[in-house]
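Chains A and B, in that order, give the protein sequences. Going by our numbering, 466 is the number at position 290 of the first sequence; the sequence numbering is gapless. Going by our numbering, 247 is the number at position 239 of the second sequence; the sequence numbering is gapless. All residues carry an ideal CB built from backbone N, CA and C; glycine is no exception.
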Amino acid sequence: MGPGLRRFILISIPYLWLLLFFLAPFLIVLKISLSDTAIAQPPYLPLLDFSKGVAGISDFFSKLDFESFVWLTEDSLYTNAFLSSLKIASISTVLALLIAFPLAYGMARTSDRWRSLFVMLVILPFWTSFLIRVYAWIGILRNEGFLNQFLLWTGLISEPLQIMNTPTAVYIGIVYSYLPFMVLPIYSTLEKMDESLLEAAIDLGCSRLSAFWLVTLPLAVPGIIAGCFLVFIPAMGEFVIPDLLGGSTTLMMGKTLWTEFFSNRDWPVASAVAIMLLLFLVVPMVLFQRQLERQQEAGR
Amino acid sequence: MTRKFTWFNATSLTLGFAFLYLPIIILVVYSFNESKLVTVWAGFSTKWYGELMQNTAMLDAAWVTLRVALMTATLATILGTMAAYVLVRSGRFRGRTLFSGMIYAPLVMPEVITGLSLLLMFIAMGIDRGLFTVVLAHTTFAMCYVAVVVSSRLVSFDRSLEEAALDLGCTPLDAFFSVTLPIIAPSVIAGWLLAFTLSLDDLVIASFTTGPGATTLPIKIYSAVRLGVSPEINALSTILIAIVATGVVTVSLIEKRRAISEAGAK
Numbered sequence: 177m178g179p180g181l182r183r184f185i186l187i188s189i190p191y192l193w194l195l196l197f198f199l200a201p202f203l204i205v206l207k208i209s210l211s212d213t214a215i216a217q218p219p220y221l222p223l224l225d226f227s228k229g230v231a232g233i234s235d236f237f238s239k240l241d242f243e244s245f246v247w248l249t250e251d252s253l254y255t256n257a258f259l260s261s262l263k264i265a266s267i268s269t270v271l272a273l274l275i276a277f278p279l280a281y282g283m284a285r286t287s288d289r290w291r292s293l294f295v296m297l298v299i300l301p302f303w304t305s306f307l308i309r310v311y312a313w314i315g316i317l318r319n320e321g322f323l324n325q326f327l328l329w330t331g332l333i334s335e336p337l338q339i340m341n342t343p344t345a346v347y348i349g350i351v352y353s354y355l356p357f358m359v360l361p362i363y364s365t366l367e368k369m370d371e372s373l374l375e376a377a378i379d380l381g382c383s384r385l386s387a388f389w390l391v392t393l394p395l396a397v398p399g400i401i402a403g404c405f406l407v408f409i410p411a412m413g414e415f416v417i418p419d420l421l422g423g424s425t426t427l428m429m430g431k432t433l434w435t436e437f438f439s440n441r442d443w444p445v446a447s448a449v450a451i452m453l454l455l456f457l458v459v460p461m462v463l464f465q466r467q468l469e470r471q472q473e474a475g476r
Numbered sequence: 009m010t011r012k013f014t015w016f017n018a019t020s021l022t023l024g025f026a027f028l029y030l031p032i033i034i035l036v037v038y039s040f041n042e043s044k045l046v047t048v049w050a051g052f053s054t055k056w057y058g059e060l061m062q063n064t065a066m067l068d069a070a071w072v073t074l075r076v077a078l079m080t081a082t083l084a085t086i087l088g089t090m091a092a093y094v095l096v097r098s099g100r101f102r103g104r105t106l107f108s109g110m111i112y113a114p115l116v117m118p119e120v121i122t123g124l125s126l127l128l129m130f131i132a133m134g135i136d137r138g139l140f141t142v143v144l145a146h147t148t149f150a151m152c153y154v155a156v157v158v159s160s161r162l163v164s165f166d167r168s169l170e171e172a173a174l175d176l177g178c179t180p181l182d183a184f185f186s187v188t189l190p191i192i193a194p195s196v197i198a199g200w201l202l203a204f205t206l207s208l209d210d211l212v213i214a215s216f217t218t219g220p221g222a223t224t225l226p227i228k229i230y231s232a233v234r235l236g237v238s239p240e241i242n243a244l245s246t247i248l249i250a251i252v253a254t255g256v257v258t259v260s261l262i263e264k265r266r267a268i269s270e271a272g273a274k
């Protein structure tokens, strides 16, 4: 077996797998988003019929239309779901950054022996089931939950706060679930930072605070950007958190897609929602990939 | 030089880790609660664990999930390691940008989209859904995580070792198994474990791609959670957390010992 052939086989196997199970499915989603709902099995029309030859194929293409997308723009439910996803994902990303940065900064400033322990403590919840971590918050946030009991006990409030089934619960859930994704990239940039740069800045007359603004923060920017992408992009399409913590009033794209598919059995509309979400996320995803590749090049 | 560790740092560490761990601690503590009311403490008891062991539907789901996760982790590790090799070693080839795009995109792709698209493809291809389709779906996104973990190790790998083996008469496959694989082994194992937990944990993609007779544990937990909080779910969660925590701590201890022995050998 020649080296050329060997290389070809090595590249082909994972490549074909991803083409078949990652890329091809999107083309099918695109096709179904252009189809019409039908009471049939599967519940959409037209179906591609190869037995009729070219006539069947052209007939198939002539029946595709943008009806589902028109439907999305006409019904305010979908626009609201989109805007609300955008708002919830953005606010959660900012909140996660505000909590993660001091944490990562504190971790980077401990001695080597403590650092590996702290890194493990951040990674541990990330390995723990997502569903279980969201479930844990139901017990805390509901009306007779721990938070309300605690606040009632301290006398700060006289009747339970309604936090469950509100956007606040969704913010808490997203920030909590995605916090490790924000902490780790920021920590890894801060940890690599050359401390003598700070000393130099202070020697040259910077105050501690302005040294932080002028030296530490700019150096941490790649980590901050990576962390924000890692939180924002999946949060936009999040289903479990808004479904379990947000109740019926919190609209989000991921939840809308799920309902259209499983409850309404409207596959074309569910596919159209997926395509819209994907179109919106393509730009941040490409930026994220560039960022990762640049970091890999730098690590070489 | 020493880094200044301030009160601000100490406070942010304390608050940050309290935020990360308090919910889990509360969950675990209340799995040992006698009372059915999760928020009222009525004394220590392990009765919910006993009840869990009687719940055959849960145990069946756990068995399905375990099988799916084992198959997924193994397949994803093989494919992901190959993909990492292609990313780091194969240089330029036609379609490389698309390839790296397909590796990185699933890391952030919303699960509802991945799940829906795979399901629609399985239906279009006329594949019967069940355990097998869940494994295919999980492998597809898990292999990308493995590829990222393994490629970060391959990047820092000293290529001359591999070249020496080839010069000394190894076939490329021999060189891979006797030189490269032992060196990248920790990241391959880490990749396998990551793929395993990702599969174990996944609700959304499994819900879309599963079929009759292949209800996984997350799907089961999800439908129970929708009905409300119950101490039995707390007990189940505690067991899962304990398994994962033991795994993560063991791996990091092995890693630490290896790092120490490597440093000692130098």
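With contacts defined as CB atoms closer than 8 Å, B:V187 and B:A173 qualify as a contacting pair.
For the pair B:S98 and B:E171, the Cα-to-Cα distance works out to about 15 Å. For A:L221, the three-state secondary structure derived from DSSP is strand.
Positions of the beta strand (DSSP E) runs, each at least 3 residues long and wholly inside the stretch 173 to 250 of chain B, cannot be given because no such run exists.
Sequence-distant partners of B:G255 (beyond 5 residues in either direction) whose C-beta falls short of 7 Å from its own C-beta, in its chain, are L201. Closer than 8 Å at the C-beta level to chain B, one finds these residues of the stretch 390 to 411 of chain A: F405, L406, I409 and P410. Around the CB of A:E371, fewer than 16 other CB atoms lie within 10 Å, so the residue is classed as exposed.
The continuous stretches of alpha helix (DSSP H) do not include A:C382, and DSSP gives it neither H nor E. Identification of residues in the stretch 322 to 341 of chain A having a C-beta nearer than 8 Å to some C-beta of chain B yields F322 and Q325, given in sequence order.
For the C-beta of B:G109, the chain A residues within less than 9 Å are, from N- to C-terminus, M461, V462 and Q465. Under the three-state reduction of DSSP, A:N440 is assigned to coil, being neither helix nor strand. Excluding residues up to 5 positions away in sequence, A145 and T217 lie with their Cβ nearer than 6 Å to the Cβ of B:L126 in the same chain.
For A:P218, the closest of A:F437, A:L194 and A:V246 by C-alpha to C-alpha distance is A:F437. Taking 7 Å as the cut-off between beta carbons, the residues of the stretch 183 to 197 of chain A near chain B are R183, L186, I187, I189, P190, Y191, W193, L194 and F197, in sequence order. Closest in C-alpha terms to A:E335, from the list A:A345, A:N341, A:T342 and A:L323, comes A:L323.
Within chain B, the residues placing a beta-carbon under 8 Å from that of A:V416 are L211, V212 and Y230, ordered along the chain. With respect to the 8 Å criterion, A:A312 and A:L421 are not classified as neighbours on the basis of their beta carbons. With a threshold of 8 Å between beta carbons, A:A448 makes no contact with chain B.
Around the beta carbon of A:F415, 16 or more other beta carbons sit within 10 angstroms, so the residue counts as buried. Taking C-beta atoms under 8 Å as the contact rule, B:V154 and B:G88 qualify, at a distance of about 3 Å. One thing to note: A:I409 has its Cβ no nearer than 8 Å to the Cβ of A:M358. Nearest to A:I451 by C-alpha distance, out of A:W193, A:I208, A:L373 and A:T330, is A:I208.
At a beta-carbon threshold of 9 Å, none of the residues of chain B lie near A:L248; the nearest stands roughly 15 Å away.
Interface residue (Cβ-Cβ distance to chain B less than 8 Å): A:S305 is classified as such. Straight-line spacing of the CA atoms in B:S245 and B:V36 works out to 8 Å. B:N41 is bridged by DSSP to B:F52. For the 8 Å CB-CB criterion, B:V156 and A:G413 do not form a contact.
Interface criterion met: the Cβ of A:T286 is under 8 Å from a Cβ in chain B. As a beta-bridge residue in DSSP terms, A:T213 pairs with A:Y220. Look at B:M129: its C-beta is under 8 Å from a C-beta on chain A. Judged by DSSP secondary structure, A:K263 falls within the alpha helix (DSSP H) whose first and last residues are S252 to A284. Residues are counted here when their Cβ sits less than 7 Å from a Cβ of chain B; for the stretch 202 to 216 of chain A these are F202, I204, V205 and I208, given in chain order. The stretch 89 to 135 of chain B contains, as complete alpha helix (DSSP H) runs of 4+ residues, the segments 104 to 116 and 119 to 132 (chain order). For B:P220, not one C-beta of chain A is nearer than 8 Å to its own C-beta. Interface residue (Cβ-Cβ distance to chain B less than 8 Å): A:A200 is classified as such. Segment contact: the stretch 387 to 407 of chain A against the stretch 360 to 376 of chain A, three or more CB-CB distances shorter than 8 Å; contact assigned.
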